[in-house]
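Going down the list, the sequences are from chains A and B. For the first sequence, the residue numbers in the numbering used here are 1 to 659. For the second sequence, the residue numbers in the numbering used here are 1001 to 1345.
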Amino acid sequence: MPRIGVFVCWCGSNIAATVDIGQVTEAAAEMPHVVCVEDNKYTCSEPGQASIRQAIAQHGLDRVVVAACSPRMHENTFRKTISAAGLNPYLLEIANIREQCSWVHADRVAATAKAIDLVRMAVAKVAQHSALTSSTSPVTRRAMVIGGGIAGIQAALDIADAGHEVVVVERSPTLGGHMAQLDKTFPTLDCSACILTPKMVEVVQHPKITLYAYSEVEKVDGYVGSFKVTVRRKARSVDESKCTGCGACWEKCPVKVKSEFDLGLGTRKAIYVPFPQAVPAKATIDREHCIYYLRGRCRICERFCEAKAIVFDQQDEIINVEVGAIVVATGFQQFDQAAYGEYGYGEYPDVITGLEFERLVNASGPTEGKIKRPSDGKVPETVVFIKCVGSRDEHKGVPYCSRTCCMYTAKHAILTREKIHGSKVFIFYMDVRTPGKGYEEFYRRASEEDGARYLRGRVSRVYPKGGKMVVLGEDTLLGRKVIVEADLVVLASGMIAQPDAQEMARKLGVSYDQHGFLTEAHPKLRPVETNTAGIFLAGACQGPKDIPDTVAQACAAASKAAALLNREALEAEAMIACVDEARCSGCLWCEPVCPYKAISAKTISERVGRRTLTRSVAEVNPSLCHGCGACTVACRDSALNLLGFTNQQILAEVEAVCP
Amino acid sequence: MSAVAIADLSRDLARLEESVRARASELLESQQVRMVIGHKRAWNGPLAVAHFAVSPKEARKFAAGPHCTGGLAKYLLEEREKDGVVAVIARGCDALGVRRLLIDRRVDAEKVLVLGVPCAGCLDPAKLAEALGVTPAELVEVTLAAGALRVRLAGQEQAAAGPPLDKVLPPTCMACEVRMPVEVAEMLGGDLAALTALAGRPPAIDLETAEAEVTRLEELSADDRYAYWAGHFQRCLRCFACRNACPACNCRVCALDSYDPKWLGHPTEIPEQFMFHFIRAVDVAGRCVACGECERACPVGLPLMQLNRKFSKDIRTLFGVDRPHLPGEHEPLGKFEPDDPEEFM
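Take a look at the structure:
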């Protein structure tokens, strides 16, 4: 027979003001199997917990009910309390008489009756409880970082510095990401490449880091501590171990292609490195444009390669990597301007995006840092910047703020004024948002010292007229129309999720929001974790971010990953689903409802009459199961039960409250 | 349906019957299958019973026609632990029933051969008796002949002309959308112009008409609706015929039979009867193949398909899936999709 102790908490006046504690304790004393009832002013206090421990020893209790606040508050506290007194921590049930009773009711009589019912249910349920133990699984002490932009680079370096192996997977031929394309960085105006490239080099030089550039994650199996990742190393047509990055091949290559790195404003060759400081400095053949792949002739690069590194028949290579933690740092893409036909992007060459402006103003860019307009190479005298193109526009773009555009537009204005003496800069804006250290001062510098003219209002149209771009806008502060004849128009494009972010999320089994950004487990308290244990987020894949925030988040994700990898073994959840094989029909309708891919089929043999038959049944992986209970609802056979919330336990509660 | 069409139809049915017998004999003779499940004429009544032929000789007893009413898919569960292939003579509803068992992994696809037959509908003996002004027990033999059904009543030597078949079909057959079965290994009967043409026609009543009663019940007040169902459920015998006939009720251990946990209380209590019927209806929700077997099997005539139709109507209006039981359709319940709304997580 179970021996149950009931501990009713006053929670100061939080419960006691609305619920008659005396009546609850009296009623509890009469409930089946209850051998001891006590009340405490604050059961969670140390004296309160001590009274539970004493009662367990004194009355030989083997099960405990605490009638107090929500189990989300103190279930763990009391589990530890009874555990310290020698009971299995799961032989506990919380009756929530605060959030679900005293806080939501005013009528003392009715609230007291309800509190008694809640205690009766908890007593009936705990009588059915059994001791639970959790399994442990070992940790593979290696992390994978997906994405080699600044977020991925920072996360990889931090995890590696913590002493763990790191595998970085980057899908383009080089590390660097968007940060490598930028010119100066706000608010200090230090050169982006100058602060980034040392870190890129550090990644390849770090003894703990393995870099797979020009590679993509194909599949992710397994679970926290033991992920199995399939990586496709795309064929570069160049032997990475031999290529010295000398450049002879791309100097001789006869094919010119628009450079992705320069956003089509410059050219590269069919065999190329994306930019001079690329890491790894290994050439890649673009098979879509290489004459040899198109027509079967040429091979000039092969002839001039002294290292004999060109391998025309190289194949994609599939490799399997086992890791214990994954940091996702897949970044963002620029908002597609096609939605704003009235601004003429794509139609008029002198309407460009902010990122394209970065290439124009960059010393290693196609114009060698001289701002020249794309149509005729003339140095613009009047430049118009239009902010919030795509951002904060529910109709044509996205409802959120992209967080970087106010600052980079201020930077663009400063750079324009600095590089083109006597130039005029107009900035159309909705609001100026500068929440960051030194940001407001930087904006002030642009508008007050560097003479950028900020006009509050939207632009309705941009059209060409006599070699100029006419910008029709409005200054809502003065309440009048503004017409600017500009030489160059720059659209401050918002940040949106990568086109394949959802596909990546599905591979990883993490969730994403309506815009395709990966979702953190809690917006405030678990900002870099995902709902899938062992997978962490860094950078703009989680939402628009500037470089300082991205780096901070990457460091946070790295510390979470490193903390995980530091552990000897992982303790799995004890309250998980379990399968009654005798009942299981093997229909496996539980498998597709499981959000954690924790259920799979298992074949069992059993004797039927004189024959041994095999059949399949469901099996729950205790390391993956989060105990959400979705499978137990899908199971028509009642073969799946959630330990700690079994069908029998819930029925006992129902029977207790509706006898 | 014109008289000529009926004449052609009865000829087609005779051909179909012969084709079923021939193909079954052939499969058993060559030992390609261990058993063929179909219908045969009963010795004691107008409706055919299930027939399990294991030899070519037994295959000669197979029958086809509107008197072959009971569903056949569920019998595969009895054979699942034995070796060898079992063939099923499947009308549309049977084929969907087999499909249900396959999707629920209760039957191995390699151990089933589905032989499709076109179906003109299966008569409802209560409706037929009512049309003739007799009790169902007085019906002895029903055949489809030129003109209309021919019915022999108890105490009569000769069969007399009865009502046309389409006047005595149960609502499920009238709303049937699979009179040409889907997902079958082969179709039997060859060129059956009249039967195929009839089976290819749109259902006699559309979805809305079939759900008219559901809509009426939805519009009742909660008390009136309770009174309606309480009135029906108090007649329930708890014989579980509805469950036994249903191809979607295929659990290894049925919740209704379970002692621990004991989901069901005593049958004399109306709330327990509600519990029983809700468990049944909820367990087949989204998986019901709309064969109407539950309702047909019920000895006290409970309108069980109304519960099933209520769920299919809700699935349509809430999830936008019209017919989750048909091939190619998305099964909306019991699946985690990455795009699912996450309010509950």
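Don't be surprised by glycine CBs; every beta carbon is placed ideally from N, CA and C.
Check the Cβ-Cβ distances between residue i and every residue of chain A, and say whether any is below 9 angstroms.
i, result
"LEU1099 of chain B", "A quick correction: the sequence has Arg, not Leu, at residue 1099 of chain B. No - not a single Cβ of chain A is within 9 angstroms of the one on ARG1099 of chain B."
"MET1345 of chain B", "Reliability of the predicted coordinates at MET1345 of chain B is poor, the pLDDT of 47 falling under 50, and the value obtained from them is presented with this limitation in mind. It does; some Cβ of chain A falls within 9 angstroms."
"ARG1034 of chain B", "no"
"GLU1138 of chain B", "no"
"ASN1308 of chain B", "no"
"ASP1322 of chain B", "no"
"ARG1243 of chain B", "no"
"ASP1314 of chain B", "no"
"ASP1296 of chain B", "The question names Asp, yet the displayed sequence has Arg at residue 1296 of chain B. Answer no: the Cβ-Cβ gap between ARG1296 of chain B and chain A never drops below 9 angstroms."
"SER1002 of chain B", "Annotation note: pLDDT 47 at SER1002 of chain B (below 50); position unreliable, no value reported."
"ASP1104 of chain B", "yes"
"CYS1246 of chain B", "no"
Taking C-alpha atoms, which residue in the options lies nearest to residue i?
i, options, result
"HIS515 of chain A", "A:MET495, A:PRO527, A:VAL119", "A:MET495"
"HIS178 of chain A", "A:PHE261, A:GLU653, A:ASP393", "A:PHE261"
"LYS208 of chain A", "A:ILE271, A:ARG142, A:LEU472", "A:ARG142"
"VAL201 of chain A", "A:THR267, A:ARG615, A:LEU157", "A:LEU157"
"VAL1036 of chain B", "B:PRO1163, B:SER1025, B:GLU1269", "B:SER1025"
"TRP250 of chain A", "A:MET504, A:GLU302, A:LYS125, A:GLY629", "A:GLU302"
"VAL279 of chain A", "A:HIS105, A:LYS524, A:GLY148", "A:GLY148"
"CYS1173 of chain B", "B:LEU1102, B:ALA1129, B:ASP1124", "B:ASP1124"
"HIS1051 of chain B", "B:ARG1080, B:VAL1300, B:SER1019, B:VAL1088", "B:VAL1088"
"LYS468 of chain A", "A:VAL384, A:LYS252, A:PRO659, A:ASP336", "A:VAL384"
"GLU216 of chain A", "A:GLN58, A:GLY436, A:ALA235", "A:ALA235"
"ARG1243 of chain B", "B:GLU1029, B:VAL1284, B:LEU1113", "B:VAL1284"
For chain B, find out if any of its Cβ atoms is closer than 9 angstroms to the Cβ of residue i; answer yes or no.
i, result
"TRP589 of chain A", "yes"
"LEU613 of chain A", "yes"
"PRO2 of chain A", "no"
"GLN648 of chain A", "yes"
"CYS625 of chain A", "no"
"VAL328 of chain A", "no"
"LEU518 of chain A", "no"
"VAL608 of chain A", "yes"
"ARG142 of chain A", "no"
"ASP239 of chain A", "no"
"ALA127 of chain A", "no"
Alpha carbon to alpha carbon, how far is residue j from residue i? Give it in angstroms, no decimals.
i, j, result
"LEU1318 of chain B", "VAL1168 of chain B", "34 angstroms"
"ALA127 of chain A", "LEU118 of chain A", "14 angstroms"
"MET1001 of chain B", "ASP1223 of chain B", "Bear in mind that the predicted position of MET1001 of chain B carries a pLDDT of just 47, short of 50, making it too unreliable to give a figure here."
"HIS1232 of chain B", "SER102 of chain A", "42 angstroms"
"ALA1290 of chain B", "GLU1211 of chain B", "12 angstroms"
"PRO592 of chain A", "ILE576 of chain A", "17 angstroms"
"VAL1054 of chain B", "PRO1299 of chain B", "30 angstroms"
"ASN647 of chain A", "ALA110 of chain A", "29 angstroms"
"ALA151 of chain A", "LEU182 of chain A", "15 angstroms"
"ALA1241 of chain B", "ARG567 of chain A", "57 angstroms"
"MET1345 of chain B", "PRO595 of chain A", "Confidence in MET1345 of chain B is poor, its pLDDT being 47 and thus under 50, which makes the residue's placement unreliable; the coordinate value appears in the next sentence. When rounded, the distance between both Cα atoms is 10 angstroms."
"PRO1327 of chain B", "LYS1127 of chain B", "32 angstroms"
"PRO1332 of chain B", "CYS635 of chain A", "16 angstroms"
"SER605 of chain A", "GLU1130 of chain B", "53 angstroms"
"GLU218 of chain A", "ARG232 of chain A", "6 angstroms"
"PRO1303 of chain B", "ARG1080 of chain B", "31 angstroms"
"SER134 of chain A", "CYS11 of chain A", "31 angstroms"
"GLY586 of chain A", "HIS1325 of chain B", "20 angstroms"
"VAL1151 of chain B", "GLU1029 of chain B", "35 angstroms"
Any chance the CB of residue i is under 8 angstroms from a heavy atom of the ligand PLP?
i, result
"ALA601 of chain A", "Although the ligand PLP was asked about, the structure shown includes no ligands whatsoever."
*asked:* Extract the residue ranges of the alpha helix (DSSP H) inside the stretch 277-349 of chain A, only unbroken runs of 4 or more that lie entirely within it.
replied: 291-295, 300-304
_Short-range partners of chain A found in the stretch 1254-1285 of chain B, where Cβ spacing is below 7 angstroms_ = ALA1255, SER1258, ASP1260, PRO1261, ASP1283
*Just list the beta strand (DSSP E) runs in the stretch 528-605 of chain A, keeping only unbroken ones of 3 residues or longer that don't cross its boundaries, in chain order.*
535-537, 569-571, 577-579
*Taking only runs of the alpha helix (DSSP H) that begin and end inside the stretch 81-161 of chain A, which ones reach a length of at least 4 residues, in chain order?*
108-127, 150-161
*Please specify which runs of the alpha helix (DSSP H), each continuous and at least 4 residues long, are wholly inside the stretch 1146-1179 of chain B, giving them in chain order.*
1171-1174
*asked:* Short of 9 angstroms Cβ to Cβ, which residues in the stretch 573-587 of chain A face chain B?
replied: ASP580, ALA582, ARG583, CYS584, SER585, GLY586, CYS587
*Scan the stretch 1071-1082 of chain B for residues whose Cβ lies nearer than 7 angstroms to a Cβ of chain A and list them as they occur along the chain.*
GLU1081
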